[in-house]
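Heads up: the sequence lines are chains A and B, in that order. Just so we're aligned, residue -5 is where the first sequence starts under our numbering, counting upward by one. Just so we're aligned, residue 16 is where the second sequence starts under our numbering, counting upward by one. Glycine residues also receive a C-beta, built at the ideal position from the N, C-alpha and C atoms. One structure is given below, encoded as structure tokens.
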Amino acid sequence: MAGDAGRLRAALRGWALVSPTAIYAVALLAIPLGTVLVVSFLTDGRTPGGLRTVLPVATIANYIEVWTNDIYRFLMLRSLAVSMSVTLVTVVLAYPVAYYVSFHVAPNKKALWLFLITIPFWTSYIIRVFLWKVILGFNGVVNSGLLSLGIIDAPLQAINYSVQAMVMTLAHAYAPFAILPIFVALEKIDRSLLEAGQDLGESRLMTFLRVTLPLSMPGVIAAVLIVFIPTVGDYVTPDLIGGGKLPMIANAIEVQMLKLNSKALGSALAVSAMLIVASVTVVFLLLNRRFLGGGR
Amino acid sequence: MTDTPMIDLSDVQKYYGDYHALRGITATIRPGEFFSLLGPSGCGKTTLLRTIAGFEEISSGMIRIDGRDMAGVPANRRPTNMVFQSYAIFPHLSVAENVGFGLRRLGLDAAEKTRRIGTALEMVGLAGYGARAAHALSGGQRQRVALARALILKPKVLLLDEPLSALDKKMREQMQVELIKLQRQVGITFILVTHDQEEALVMSDRIAVMFEGEIAQLADPETLYRRPTSRRVAEFIGVMNFLPATIVSEGSGRAALEVQGLGRCEVDAPPGGVASDGGTTVGMRPETLTILYDGQAPTDRSADGTVDEVVYYGDMTYYDVRLDGTDRPVRISMRNVFGRPVLNIKARVRVGWSPGALVLFR
């Protein structure tokens, strides 16, 4: 009996410890998510007074609309294309930075370098996006600079209100997120493995390809996920840098939810986007398991 | 040219900034030799090994391997392979992939590759382990994989950086014997870095004892043990009794001494003579002194003393005996042959010795 009481007390203490996080997660994550999921299977309609509302009529019409309407497919593909480009650019650019800090910066200077890498986070994301607008805009720094140097006759259109400009902005915003996990993976590599690679006859480049790169893959995949998942759903950059002319899926959700007040269709869009992101993520996680399985 | 040395080190210097890690190392290592670099940590033995492997550039001097100057030759172009202290087994590869790592550049077909990997694994006693994941191996197995991975490339020199230090005592002793056998079998020059004097004595053809970036003495194990040239080497290798002595006369390679507790004796003078200020030290290994039991044949000389301490090891007993007229005891090791009693503390004993066993330091 005393043992049971003790176990109960231990269980209560455990619940007490996790409860703040658990309550937070349930209230702010699980409940809204569940609501969105439920609403996505209901019908948009009007109250007798003519106001738009969600009618409690179960249907899968929203999903049929989302998965058959070309506009949503187009926006989803654009979102995926943008966020995959951003991920590729970010990770490819982040790897050398992480490599340099891990392998060529003196150990006592590494903390300073990581600190410097996080400096962009000192300003808000919105402000950083705005700054890119200033740099890339029609009358922006790049265009006026090139104009005054006489390199171009008219402002370049390609660099503003374009997918490239969006990729550039997002890649800059997410760079530290990609650098840090790759850095951590590189730091964990036993340096004698690299010497062993060379000792066994391989050049520095081949040692990198055969030893360093495979051993840093868990960090690379973490970086891919960390950049890919939030950028698919980004809607600030398309608004500001894309000038609202290049909406992504999140902008469509915003329009349905807030502007057209079609909560059910918006929810179906959100759930569909989430499923697509989740399936891409699962592919990467499976890849990661392959590398993690080999690497202890 | 059979007497071309396999490795020829001439005045090798290495600086790390202001720190002088190698202070003019000159030595030759013969083909097929089992050579050890022995010294306390920080003596430069690992640095020397790494300069031979090509991981460290030397500041001045010359390293030749098989007659070829190694200046500017990177590690991957040197005819050496290394067994790392941590073994450096690639964690993302299987045992077979680890062992075959260096074969890629040889452009072998898959069948030949598999055959060579199989032979190498068999050589180190890991036949059939090829498919195992590297991280599923024990310490001893990892070391064997590291050995197979290095030997499969048939290097001219195999470099071993404290390869046994991570193993427990039993495993270490077993691997010592296996390494000696393996070295005889493959006939490759082995250079072993170790801080364990016993390991160096057991395994090596010759040993270079290093202190502070210099070779203090380079000799075969027996010479090193019996005739250390300095007190420091004598202290580092095994146990040695040191007795104060005064030089009475010196000439033609011999010196007459007055040794505290042992009396007047004549010994070989070290090359280059002794300091002429008179005071010096002589050394004597514990087994060159013997406690004379009743009825035992007399030795050249003897002295009386009292047992201060008894340390019983089963096969051996160590006695600390204070000889009459001395202030410090000498250590004497006695084999516990059948029927010989172990003495007690405070027992009076007669200690026999021979002047030939004395080592006079410069």
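Following the DSSP letters along the chain, one finds H107/B in no alpha helix (DSSP H), marked with neither H nor E. Beta-bridge partners assigned by DSSP to I58/A: none are found. In this structure, the CA atom of A92/A is about 24 angstroms from the CA atom of A159/A. Residue state for T238/B is assigned as helix, using DSSP reduced to three classes. If you compare the alpha carbons of L125/A, S138/A and D(-2)/A with that of L164/A, the shortest gap goes to L125/A. Those residues of the segment 202 to 215 of chain A placed with their C-beta closer than 7 angstroms to a C-beta in chain B are V205, P208 and L209, ordered along the chain. What A68/B touches in chain A, judged by beta-carbon distance under 7 angstroms, is D193, going in chain order. Of all residues in the segment 109 to 133 of chain B, the ones placed with a Cβ closer than 8 angstroms to any Cβ belonging to chain A are F116, G117, R119 and R120, in chain order. Short of 7 angstroms from the beta carbon of M70/A, and not among the five residues preceding or following it, lie these beta carbons of its own chain, in chain order: I243, A267 and I270. In its chain, beyond the 5 residues on either side, R159 have a beta carbon closer than 7 angstroms to the beta carbon of G140/B. Rounded to the nearest whole angstrom, the C-alpha separation of Y34/B and K104/A is 24 angstroms. Leaving aside the five residues that flank M97/B on each side, the residues in its chain whose CB is nearer than 6 angstroms to its CB run, in chain order, A68 and L174.
Burial is judged here by how many other beta carbons sit within 10 angstroms of a residue's own beta carbon; I252/B has at least 16 and is buried. Between L194/B and P170/B, the C-beta gap is not smaller than 9 angstroms, which leaves the two residues out of contact. The continuous alpha helix (DSSP H) containing K184/B extends over residues K184 to V201.
Residue pairing by DSSP places F205/B opposite F49/B and L173/B in a beta bridge. In the three-state scheme derived from DSSP, where H, G and I count as helix and E and B as strand, F222/A is classed as helix. Excluding its 5 nearest sequence neighbours in each direction, A181/B has C-beta neighbours in its own chain below 7 angstroms: G154, listed in chain order. Nearest neighbour of T19/B by Cα position, chosen from L162/B, Y240/B, L123/B and G82/B, turns out to be G82/B.
Under the DSSP assignment, W107/A falls in the alpha helix (DSSP H) whose first and last residues are K104 to I111. Contact between L375/B and A284/B holds: their C-beta atoms lie close to 6 angstroms from each other, under 8 angstroms. Put simply, of L168/B, L162/B and V172/B the residue whose alpha carbon is nearest the alpha carbon of M190/B is L162/B. Taken in chain order, the unbroken stretches of alpha helix (DSSP H) that lie wholly in the segment 224 to 271 of chain B and span 4 residues or more are 236 to 241 and 246 to 251. For E181/A, no chain B residue has a Cβ inside 7 angstroms of its Cβ, as the nearest lies near 15 angstroms away. I146/A carries a coil assignment under DSSP once its states are collapsed to helix, strand and coil. The segment 210 to 220 of chain B makes contact with the segment 37 to 55 of chain B; the number of CB pairs closer than 8 angstroms reaches 3 or more. For M97/B, the C-beta contacts it makes with chain A under 8 angstroms involve E189, A190 and D193, in order along the chain. Among the CB atoms of chain A, one or more fall inside 9 angstroms of the CB of P106/B. At a cut-off of 9 angstroms between beta carbons, A42/B makes no contact with chain A. For S186/A, the chain B residues whose C-beta falls within less than 7 angstroms of its own C-beta are F99, S101 and A103, listed in chain order. Look at S266/A: its C-beta is not under 9 angstroms from any C-beta on chain B.
Nearest C-alpha to R337/B among D26/B, D323/B and D84/B: D323/B. In the DSSP assignment, the residues bridged to R221/B are F50/B. When 7 angstroms is used as the limit between beta carbons, R157/B is near no residue of chain A, the shortest such separation being about 12 angstroms.
When 7 angstroms is used as the limit between beta carbons, S197/A is near these residues of chain B: N91, in chain order.
For W368/B, the enclosing beta strand (DSSP E) starts and ends at R363 to W368.
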